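Residue numbers (this note's numbering): -16 to 391.
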């Protein structure tokens, strides 16, 4: 068992440039489990996880069994693969890990070994095939077009947002990034779009048109304002969301529109009061998550510039003074993220730190900014001074490490 875990962990940190034919060949050898369950495929720069969290609750509230696949994980690798919010058991995980390990021996004669994400995707498809949830919500790893998950035949495609992230992998312009995300749009499969810029909207709508895929976009075919959702078929009001931050209204609306389309598709009734309950009860770790009530400590995985912009909206409406503790991966445009925070919040203390992950920013990246080696000590000192709000932000990997302290 430890041997398998080690085999998996040596694969970490390798990203992208996957060969699609490798995963297709692997799935073929497994009997194409990716077609065993209806899939809703979710891409986007930010908001994928939160949108899936809202959808998961909506489907569950209506008595459906829901599979979900997300990355990276907040606590344990098992959290990436869930049925009805229950992570895959260690027993099942080991069982499918062994299967994929054995399969790699066969694949290796033709292709390079599996990457970490590919292993997770294969385990997910095998597990869902065995468990047979009513629907599976599958989050794209990076991009869309060339992503390992892009082997599904989805019932619906979703693109939550498009912004600058992973430029090293997806391209340096919004157009290139949009084309990657829109790569999940399939022939005649409806696509739900979040609030995109005019430029990226045009690209997605063009690709959808080429594929005769109906489009439903936030602000066009459906809207959400002041707790009210509407589209041509339904008006729902007095909605309250379980996730904090204005941007969650957009994610909730996208989730709700997708859910409604799917329910119409399978001719299943919806109930407004169940929708209200589901949205109010939605939670998602590491997304403006309040982990300590007094004094307030929030964790927020704002791991790219668009996510920092969302976080700024939240900070700017707080009454109490805010302190920011930040760490990220060096391969990210973290300097740009820090400059944005400093420009918009010139009087807010900003402290950098490092964490136990290969490629985390270190003291030499501080460029004259405040830096602490031991973030745990810093948090304890801040707590004993009892003032204001502490926001711990940056990489999701950093957030998940900090979260363990509070969730012990």
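Backbone N, C-alpha and C define an ideal beta-carbon position, used for all residues, glycine too. A quick note: this is a predicted structure, and the numbers were derived from the prediction, not measured.
- Our two residues, residue 177 and residue 12, have alpha carbons roughly 36 Å apart in a direct line.
- Put simply, of 296, 308, 56 and 209 the residue whose alpha carbon is nearest the alpha carbon of residue 235 is 209.
- Its Cα nearest to that of residue 288, the residue 327 stands out among 390, 327, 276 and 259.
- The beta carbon of residue 214 is closer than 8 Å to those of 199, 204, 205, 206, 240 and 243 in its chain, skipping five residues each way along the sequence.
- The three-state reading of DSSP puts residue 34 in helix, counting H, G and I together.
- Take the alpha-carbon of residue 221 and the one of residue 381: they are about 36 Å apart.
- Annotation for residue 229: 296 place their beta carbon closer than 7 Å to its own, counting only its chain and skipping 5 residues before and after.
- Spatial neighbours of residue 137 in its own chain (CB-CB distance under 7 Å, excluding positions within 5 residues in sequence) are listed in chain order as 22, 23, 24, 169 and 172.
- A check of alpha carbon separations from residue -13 across 84, -5 and 61 identifies 84 as the nearest.
- Closest in C-alpha terms to residue 339, from the list 332, 323 and 359, comes 359.
- Taking C-beta atoms under 8 Å as the contact rule, residue 31 and residue 122 qualify, at a distance of about 5 Å.
- Boundaries cannot be given for residue 344, as no beta strand (DSSP E) includes it and DSSP labels it neither H nor E.
- Non-local C-beta neighbours of residue 388 in its own chain, meaning closer than 7 Å and more than five positions away in sequence, comprise 359, ordered along the chain.
- Assigned with DSSP and collapsed to three states, residue 242 falls in helix.
- At a cut-off of 4 residues, the continuous stretches assigned as alpha helix (DSSP H) that sit fully inside the segment 345 to 374 are 358 to 368.
- DSSP lists 65 as the bridge partner or partners of residue 70.
- For residue 60, the closest of 96, 73, 67 and 347 by C-alpha to C-alpha distance is 73.
- In the three-state reduction of the DSSP assignment, residue 319 falls in the helix class.
- Straight through space, the alpha carbons of residue 245 and residue 256 are spaced by roughly 18 Å.
- Looking only at 201, 162, 275 and 180, the smallest Cα-Cα distance to residue 193 is reached by 162.
- Contact check between the segment 100 to 118 and the segment 33 to 47: three or more CB pairs, one atom from each, fall below 8 Å, which counts as touching.
- An exposed status is given to residue 275, since fewer than 16 other beta-carbon atoms sit within 10 Å of its beta-carbon.
- The bridge partners DSSP lists for residue 174 are 140 and 198.
- Here residue 164 carries a helix assignment [DSSP, helix/strand/coil].
- Cβ-Cβ distances below 7 Å link residue 264 to 40 and 225 in the same chain, with the five nearest sequence neighbours on each side left out; the list follows chain order.
- In its chain, beyond the 5 residues on either side, 309, 310 and 311 have a beta carbon closer than 6 Å to the beta carbon of residue 377.
- Within the model, the alpha-carbon separation for residue 180 versus residue 333 is close to 30 Å.
- Residue 223 sits in coil when the DSSP states are folded into three classes, being neither helix nor strand.
- A Cβ-Cβ contact shorter than 9 Å links residue 36 with residue 267.
- Between residue 6 and residue 64 the beta-carbon gap is near 16 Å, outside 8 Å, which marks them as no contact.
- Taking the Cα of residue -15 as reference, the smallest distance to any Cα among 187, 76, 364 and 20 is reached at 76.
- In the structure shown, the three-state DSSP call for residue 218 is strand.
- Taking all protein chains in view, the Cβ of residue 249 is surrounded by fewer than 16 other Cβ atoms within 10 Å, so the residue is classified as exposed.
- Of the residues assessed, residue 300 falls on the exposed side of the cut-off, its CB having fewer than 16 other CB atoms within 10 angstroms.
- Assigned with DSSP and collapsed to three states, residue 306 falls in strand.
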